[in-house]
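Numbers in my numbering are just positions in the sequence shown, counted from 1, shifted up by 813.
Contents: one structure, followed by commentary.
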Amino acid sequence: MKKILITGASGFIGSFLVNEALMQEFDVYAGIRESSNLKYLKNAGIKFFKTKLEDKNTIKKDLKKSGRFDYIIHNAGLTKTCNKSMFEMVNYEFTKNLIEALYETEMIPDKFIFISSLAAFGPGKKNSQTPIKETDTPKPVSLYGKSKLKAELYIKSLNNFPYLIFRPTGVYGPREKDYFVMYKSIKSGMETYIGTKNQYLSFIYIKDLTRVIFDAIKSNIIQKSYFISDLNIYTASEFNKILKTVLNKKTICIVFPKLLIRIIAFFNEKISCKIFHNIPTLNTEKYKEISQVNWACDSTSLIRDFGFKPEFDLEKGINETIKWYIKENLL
Ligand SMILES: NC(=O)c1ccc[n+]([C@@H]2O[C@H](COP(=O)([O-])OP(=O)(O)OC[C@H]3O[C@@H](n4cnc5c(N)ncnc54)[C@H](OP(=O)(O)O)[C@@H]3O)[C@@H](O)[C@H]2O)c1
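This is the structure:
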């Protein structure tokens, strides 16, 4: 039985990666921290690797206790925060700590999967649907994207390190919390847009994402990077149309000028961080991303290397997602 560590196991993507690993009969270690919520990690087959990614010596001590992992999916990451310096700290420094601990304990796995993000490359050309390609020069627009890119460059600089880098586009599905805001908006009868230009978007359903990651783990490919999407390009209005159909809702269409969204994001963040110590979904860093018009990406190398064939397009994935939110009494 191959031994796998999945960091950030308590989060949305991490908990699905853990499920997939269990289904595929790996010896599964869920990487968590002291404060992690274990709501989605109840399966009795899960072993836990509790560590402090901020402290290399603690990681080394914990690695010596657990023994070497055949595979590591380093999925822990920070996507939003009130303290902006934490982006670089968590997404870059913690990744470096983990890898240095692996080197210093001589426990380099057969494969180290780094979950980066399309945000590390930044958006594609304006006024075009031309997808972002692996050969493009990365130009991240947010601190989140910059921190992921820095981690990627560090990983690629290592000698003979058996990495694979995955850059998912927007991931959606059950348990997800950010797109959920859009579902609630449509449910309340409001269909919102940022600016008048059509936005080109890409998506990946959580189950297709986890499946292709495990196909990649089982392949003999290393030292390559991939964008992950369902291979389609959608417009923002197509996304809303699917939501309206699935939720069977009529809506009022509201087009917010970009400047207004920027101002709302600013005050939203200020108030929420100051009073509730909680970063809202619409914040100043997120604004830098959602105000871009082209988030299409080229994931065709997944077909070539792993025979990737997504099972879910946006309509099928949203149908399944909304059924889950309704079952959980969230919608
Ligand atoms: N969701 C997307 O659309 C998307 C797209 C592209 C890439 N990604 C990447 O995918 C990964 C997972 O994202 P997600 O959407 O599943 O987010 P999530 O639900 O917020 O999960 C993040 C995970 O990272 C852990 N984490 C955060 N800060 C940490 C810290 N300081 N120390 C240790 N662990 C920490 C969290 O642990 P706690 O539960 O203890 O907080 C949680 O398990 C991230 O690396 C993210 O950048 C996500």
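Positions of the beta carbon are idealized from the N, C-alpha and C atoms, including for glycine.
As the structure is a prediction and not an experimental result, all values here were calculated from the model.
Contact set for residue i: own chain, Cβ-Cβ below 6 Å, skip 5 residues either direction
| i | result |
| --- | --- |
| glutamate 1082 | Asn1096 and Thr1097 |
| cysteine 1066 | Glu1004 |
| glutamate 989 | Phe825 |
| isoleucine 1135 | Val1059 |
| methionine 920 | Leu876 and Arg881 |
| phenylalanine 1080 | none |
Alpha carbon of residue i to alpha carbon of residue j, nearest angstrom
| i | j | result |
| --- | --- | --- |
| proline 1123 | glutamate 1133 | 15 Å |
| glutamine 1036 | leucine 1060 | 42 Å |
| lysine 997 | lysine 815 | 41 Å |
| phenylalanine 862 | glutamate 913 | 17 Å |
| aspartate 1043 | serine 879 | 36 Å |
| proline 951 | alanine 933 | 7 Å |
| glycine 827 | glycine 821 | 5 Å |
| tyrosine 842 | leucine 1073 | 45 Å |
| threonine 1023 | phenylalanine 839 | 14 Å |
| asparagine 1091 | aspartate 1028 | 36 Å |
| glutamate 993 | tyrosine 967 | A quick correction: the sequence has phenylalanine, not glutamate, at residue 993. Going by the C-alpha atoms only, they are around 33 Å apart. |
| asparagine 940 | serine 1050 | 16 Å |
| threonine 948 | asparagine 896 | 32 Å |
| aspartate 991 | leucine 956 | 18 Å |
| asparagine 1011 | glutamate 847 | 43 Å |
| isoleucine 1077 | leucine 1143 | 25 Å |
| leucine 915 | asparagine 870 | 11 Å |
| glutamine 837 | isoleucine 1088 | 44 Å |
| lysine 1020 | asparagine 832 | 10 Å |
| lysine 852 | serine 823 | 8 Å |
| arginine 881 | glycine 986 | 32 Å |
| threonine 1048 | lysine 1054 | 10 Å |
| threonine 804 | lysine 877 | The chain is shown only over 814 to 1144; residue 804 falls outside these bounds and no answer can be derived. |
| threonine 894 | aspartate 883 | 32 Å |
| asparagine 1033 | cysteine 1086 | 45 Å |
| leucine 835 | asparagine 972 | 31 Å |
| threonine 1113 | lysine 1140 | 35 Å |
| lysine 1031 | lysine 1062 | 43 Å |
| phenylalanine 1052 | lysine 969 | 35 Å |
| threonine 943 | tyrosine 1013 | 9 Å |
| serine 849 | glycine 958 | 24 Å |
Proximity of residue i and residue j at Cβ, strictly below 8 Å
| i | j | result |
| --- | --- | --- |
| threonine 892 | aspartate 875 | no |
| isoleucine 872 | leucine 818 | no |
| proline 936 | glutamine 1105 | yes |
| alanine 1109 | isoleucine 1046 | yes |
| leucine 830 | isoleucine 1026 | yes |
| leucine 1111 | isoleucine 945 | It should be pointed out that residue 1111 corresponds to aspartate in this sequence rather than to leucine. Against a cut-off of 8 Å, the Cβ pair of isoleucine 945 and aspartate 1111 comes out as a contact. |
| serine 1015 | threonine 982 | yes |
| tyrosine 1006 | valine 1068 | yes |
Neighbourhood of residue i by C-beta, 8 Å cutoff - its chain only, sequence neighbours within 5 removed
| i | result |
| --- | --- |
| proline 1070 | Gly1008 |
| glutamate 867 | Met902, Glu906, Phe907 and Asn910 |
7 Å CB neighbourhood of residue i in its chain, flanking five on each side removed
| i | result |
| --- | --- |
| threonine 1064 | Ile999, Gly1002, Met1003, Glu1004 and Lys1057 |
| methionine 899 | Leu891 |
| lysine 938 | Asn1107 |
| arginine 1075 | Tyr1100 |
| aspartate 1126 | Asp1043 and Asn1045 |
| tyrosine 1115 | Reading the sequence as shown, one finds leucine at residue 1115 and not tyrosine. These residues qualify, in order along the chain: Val1025, Tyr1039, Ile1041 and Phe1121. |
| proline 1093 | Asn1081, Glu1082 and Ser1085 |
- prompt: Would you call the segment 854-867 and the segment 961-973 touching, i.e. three or more CB-CB distances under 8 Å?
  reply: no
message: When you compare the segment 873-892 with the segment 925-932, are there three or more beta-carbon pairs, one atom per stretch, that lie closer than 8 Å?
response: yes
task: Mind listing, in chain order, the continuous beta strand (DSSP E) runs of no fewer than 3 residues lying wholly within the segment 825-881?
output: Taking only runs of at least 3 residues, the beta strand (DSSP E) segments lying wholly in the segment 825-881 are 840-845 and 860-863.
message: Just to confirm the assignment: which complete alpha helix (DSSP H) runs, minimum length 4, are found wholly within the segment 1007-1041?
response: 1019-1031
- request: Please specify which runs of the beta strand (DSSP E), each continuous and at least 3 residues long, are wholly inside the segment 901-968, giving them in chain order.
  value: 924-928
task: Check whether the segment 971-989 touches the segment 1038-1052, taking contact to mean three or more Cβ pairs, one atom from each stretch, closer than 8 Å.
output: At 8 Å Cβ cutoff, the stretches touch.
- prompt: What runs of the beta strand (DSSP E), each 3 residues or longer, lie entirely inside the segment 1088-1144?
  reply: none
- prompt: Mind pulling the beta strand (DSSP E) runs of 3 or more residues that sit fully within the segment 972-1001?
  reply: 976-981 and 983-985
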